[in-house]
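Participant:
Number of protein chains: 2
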Amino acid sequence: MADVAKLAGVSGQTVSRVVNGNDRVTAATRLKVEAAMQQLGYRANIAARALATGRFGTIGVVMFNLSAVLNVRIVEAVVTGAQARGYSVSVAVVDGPTEKDVRAAVRGLTDRAVDGVIVIEARVLDTPHLRLPEEVPLVIADSRAAHKHPTFGMDEAAGARAAVDHLLGLGHATVHHVAGPAGSNPAQRRRAAWQRQLKRSGRAVPPPVAGDWSPRSGYDAALRLLADDGVTAVFAANDQMAVGVLRAAAELGRRVPGDLSVVGFDDLDFAPFLTPPLTTVRQDLETVGRRCVEHLIARIEEPRGAGVPQPASRFVRPELIVRASTAPPPAGRR
Amino acid sequence: MADVAKLAGVSGQTVSRVVNGNDRVTAATRLKVEAAMQQLGYRANIAARALATGRFGTIGVVMFNLSAVLNVRIVEAVVTGAQARGYSVSVAVVDGPTEKDVRAAVRGLTDRAVDGVIVIEARVLDTPHLRLPEEVPLVIADSRAAHKHPTFGMDEAAGARAAVDHLLGLGHATVHHVAGPAGSNPAQRRRAAWQRQLKRSGRAVPPPVAGDWSPRSGYDAALRLLADDGVTAVFAANDQMAVGVLRAAAELGRRVPGDLSVVGFDDLDFAPFLTPPLTTVRQDLETVGRRCVEHLIARIEEPRGAGVPQPASRFVRPELIVRASTAPPPAGRR
DNA sequence: CGGATCTATGTTTGCGCTAACTTAGGCGTG
DNA sequence: CACGCCTAAGTTAGCGCAAACATAGATCCG
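Chains as they are written, first to last, in our numbering: chain S, 1 to 334; chain C, 1001 to 1334.
1. Can you tell me whether residue 1159(C) is buried or exposed, with buried defined as 16 or more other CB within 10 angstroms of its CB?
2. Give the C-beta separation of residue 211(S) and residue 179(S) to the nearest angstrom, bearing in mind that I take them to be a contact with Cβ-Cβ under 8 Å.
3. At a Cβ threshold of 8 Å, is residue 42(S) touching chain C?
4. Identify every run of the beta strand (DSSP E) within the stretch 125-161 of chain S, keeping only runs that are complete inside it and at least 3 residues long; order them along the chain.
5. How many Å lie between residue 1232(C) and residue 1225(C) at the Cα?
6. Please confirm if the stretch 9-19 of chain S is in contact with the stretch 27-41 of chain S, defined as three or more CB-CB distances below 8 Å between the two stretches.
7. Give a yes or no on whether the minimum CB-CB distance between residue 1181(C) and chain S is below 8 Å.
8. Would you call the stretch 1275-1287 of chain C and the stretch 1237-1249 of chain C in contact, with 3 or more CB pairs under 8 Å?
9. On the premise that residue 1113(C) lies in contact with residue 227(S), defined as a C-beta separation below 8 Å, what is that separation, rounded to the nearest angstrom?
10. Taking only beta-carbon atoms, is residue 76(S) less than 8 Å away from chain C?
11. For residue 283(S), which residues in the same chain have their Cβ closer than 6 Å to its Cβ, ignoring the five residues on either side in sequence?
12. Could you pull out every residue in the same chain whose Cβ sits closer than 7 Å to the Cβ of residue 1074(C), ignoring the five residues on either side in sequence?
13. What are the residues that DSSP puts in a beta bridge with residue 298(S)?
14. Less than 8 Å separating the beta-carbons of residue 1330(C) and residue 1170(C)?
15. From the DSSP secondary-structure annotation, give me the bridge partner or partners of residue 266(S).
16. Residue 1203(C): which of 1185(C), 1221(C), 1107(C), 1174(C) sits nearest, CA to CA?
17. Can you give me, in chain order, the residues of the stretch 84-106 of chain S that have a beta carbon less than 8 Å from any beta carbon in chain C?
18. Within 10 angstroms of the Cβ of residue 1294(C), are there 16 or more other Cβ atoms? Answer buried if so, exposed if not.
19. Would you check if the distance between the CB atom of residue 89(S) and the CB atom of residue 1091(C) is smaller than 8 Å?
20. To the nearest angstrom, how far is it from the Cα of residue 1045(C) to the Cα of residue 1051(C)?
21. Any chance the stretch 1115-1132 of chain C sits against the stretch 1053-1071 of chain C, with 3 or more Cβ pairs inside 8 Å?
22. Tell me, to the nearest whole angstrom, how far the beta carbon of residue 263(S) is from that of residue 235(S); I am working on the premise that it is less than 8 Å.
23. Of all the alpha helix (DSSP H) runs that stay within the bounds of the stretch 32-88 of chain S, which reach a length of 4 or more residues?
24. Candidates 197(S), 79(S), 192(S), 105(S): which alpha carbon is nearest residue 1066(C)'s?
25. Keeping to the same chain, check which residues put their C-beta closer than 8 Å to that of residue 260(S); ignore five residues upstream and five downstream.
26. For my contact list, residue 214(S) and residue 240(S) are in at a C-beta cut-off of 8 Å; report their separation, rounded to the angstrom.
27. Does DSSP put residue 1172(C) in a helix, a strand or coil?
28. Between residue 1324(C) and chain S, is there a C-beta pair that is closer than 8 Å?
29. Whose Cβ in chain C lies nearer than 8 Å to the Cβ of residue 215(S)?
30. Residues of chain S with CB under 8 Å from residue 1112(C), in chain order?
31. State the start and end residues of the unbroken beta strand (DSSP E) segment that holds residue 1226(C).
32. What is the DSSP secondary structure of residue 90(S), reduced to helix, strand or coil?
33. Span of the beta strand (DSSP E) holding residue 320(S)?
34. Please state if the CB of residue 1191(C) and the CB of residue 1172(C) are separated by a distance shorter than 8 Å.
35. Could you check how far apart the C-beta atoms of residue 1186(C) and residue 1156(C) are, in whole angstroms? I think they sit under 8 Å.
36. Fully enclosed by the stretch 1186-1255 of chain C, which beta strand (DSSP E) runs are 3 residues long or longer?
Below, the structure written as structure tokens:
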């Protein structure tokens, strides 16, 4: 920077002003400085700036497991949004599902230099009400509001209700559920909503079978479920497990949707092209991610919290996409 | 840090030594300092450290599109590996496929404070031989070696050859190809290897139909392809498009594998549970990611390049997984 | 047992930048 | 025309840490 200043015949402070844009600098000086920067290939040292300002221009994302499609889509939206606002994104993956692990990850990130943190809380923690360091603004991407921190997510209960209502509306006596893993928040919520909706409709609540999100687990679960001839409708907690359910049905000679209706969750891109095309609940994770960053950056840049508009809604409504995998139950059943 | 030093009754430098581990400090002083740090809740300011040392403890990942399954798996391996070595990871997503865009992203990242960069080069660039800033070590995750920079990837040609050989071995006269988008490197390579292998085997090379990796595009491509009754074997450039192919076959009343054999690429987790289970080429992206980080970190910590062992192999061999979607052609055809 | 050698610690300095203050000149107003 | 006020620039002083050098005491050896 000193070199640039000398070459341009100005003080270092003026260079700094030019670099940071909007200060009061004459057009003429600005041009001189810019020419000098160009000529010398000057690039600001961000560590020095961070040291002087205490800001880093980076936001951190904490998550369990990057490869869950769900999470990635949020992360991608976060990265895109952050980049658009001039922030970079640091990603941390947490091992265990304890609050301690999450807290450590957040600390690691703040130690590391971030101005704010987004936690994608996909796992059920040992402590139900996550309490995290508050050195920097923090936003949680999750599907419930029971946090101390601002939270954005999907209204997964609404999605599960829509799935159940759709199947009951077709005339099925009840709906069986292939649940996600017990340790997963979305899984818990989808399961709870399924159960509540059945009860509310006065139907029997069959015991759910839990999988682990993988197609294989959906397959295994369905083999058990379909041992009972009376099962006519299955709601799988995600599309991947639904694939397994379809496969099991095929192997057992149950025709979908003739003998069995199947509903998934997520609307992954292959859902319309399965055999048969899958009725499922579409999730708009991009919006969730976008809202998280926007809110976070607003908080970062307006630390008092004033001027940070409350978003219209913290929970995005999913949408039921009806395809060929659902139909009325076979004649003779209800 | 000064406070810690005062409380522990030592100099700041000694605190620094304790924080950075391995220097020569008496066990007694170390304990005193650690107690003081604990008591004061001291946490090093990473910006100051970076300013003093010129190192950041961060590596950057540049990619087109985070949501491609392929890339995510690499990124996840990179993040995990980096974390294990005490580095954090900054992610940048590039818009366009020009070398300029990539270079800008790398610059942005290095401006931003990274000690090294991994570029996941999934797109075909305008300039075939990527030339990037060399301010920091840089590793490319790609499937060819034609770079100025160290490169790790899959031997995708071997995968495509295996797919073709498998189908020809079953007795198919030739193999049709649903290719990935022209702008994609892996797509190009899979297509080229498919074509070469057919030629080498003295078979006709039917014109490939290009998709865009999505199940929908595979479906569309297959509809066109299967208009010709003579098509008995299709090699799709990824599993998602293979899903679309299976769907199209079902709609057209072609039985798989009775009338038509289908091979995919990637072995995504749903592949064994499609109807029928999909023969495909398994990719070990985790190993690719791991090798990238390991090599990069070695370079970062040993800048002279000495002592950085050349990896056993820069290209991981994929594996053909044979499942029920492939069989000999219907009787009467070849 | 004295000098060389080592070890644990302290001191000084500067990494590159920006916040906060200061200065110098230009302008308008009464 | 004198005064204050505004604007564009310069000056000063750290931000918190680690590298490099300095020092004092301990250890070793012939």
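Every residue gets a Cβ at the ideal spot worked out from N, C-alpha and C, and that includes glycine.
Facilitator: Let's see:
1. By the 10 Å Cβ count, residue 1159(C) comes out buried.
2. That pair is a contact at about 7 Å.
3. Not an interface residue.
4. Positions of the beta strand (DSSP E) runs, each at least 3 residues long and wholly inside the stretch 125-161 of chain S, are given as 138-141, 151-154 in order along the chain.
5. Their Cα atoms are separated by approximately 10 Å.
6. Taking 8 Å as the limit for Cβ pairs, the verdict is that the stretch 27-41 of chain S does touch the stretch 9-19 of chain S.
7. Not an interface residue.
8. Counting Cβ pairs under 8 Å, three or more are found: they touch.
9. Between residue 227(S) and residue 1113(C) the beta-carbon gap is near 58 Å, outside 8 Å, which marks them as no contact.
10. Using a CB distance cut-off of 8 Å, residue 76(S) counts as an interface residue toward chain C.
11. If we look at residue 283(S) and ignore the five residues flanking it on each side, its Cβ neighbours are 154, 266, 318.
12. Closer than 7 Å at the Cβ level, and outside the excluded window around residue 1074(C), lie 1120, 1141, 1285, 1288, 1289.
13. DSSP lists no partner for residue 298(S).
14. No, the pair does not count as a contact, with Cβ atoms beyond the cut-off.
15. Per the DSSP secondary-structure output, residue 266(S) pairs in a beta bridge with 282(S).
16. It is 1174(C) whose Cα lies nearest to the Cα of residue 1203(C).
17. The residues in question are 88, 89, 90, 91, 92, 93.
18. Looking at its Cβ environment, which holds 16 or more other Cβ atoms inside 10 Å, residue 1294(C) is buried.
19. In this structure, residue 89(S) lies near residue 1091(C), with their beta-carbon atoms less than 8 Å apart.
20. Answer to the nearest angstrom: the Cα atoms are 10 Å apart.
21. Touching, per the Cβ criterion.
22. About 5 Å; that satisfies the 8 Å criterion.
23. 46-53, 69-84, all fully within the stretch 32-88 of chain S.
24. Residue 79(S) is the option with its Cα nearest to residue 1066(C).
25. Setting aside the 5 residues that flank it on each side, residue 260(S) is surrounded in the same chain by 226, 231, 232, 233, 234, 249, 254, each with a C-beta closer than 8 Å to its C-beta; the list follows chain order.
26. Rounded, the Cβ-Cβ distance is 6 Å, consistent with contact.
27. Residue 1172(C) falls in the coil class under three-state DSSP.
28. Output row for residue 1324(C): interface = no.
29. Here the neighbours are 1269, 1270, 1272, 1273.
30. What residue 1112(C) touches in chain S, judged by beta-carbon distance under 8 Å, is 46, 57, 58, 88, going in chain order.
31. Annotation: residue 1226(C) is outside any beta strand (DSSP E) and is labelled neither H nor E by DSSP.
32. Here residue 90(S) sits in strand by DSSP.
33. First-last of the beta strand (DSSP E) with residue 320(S): 319-321.
34. Taking 8 Å as the cut-off, the beta carbon of residue 1172(C) is found no closer than this to the beta carbon of residue 1191(C).
35. 6 Å between Cβ atoms; contact.
36. Runs of the beta strand (DSSP E) inside the stretch 1186-1255 of chain C: 1233-1236.
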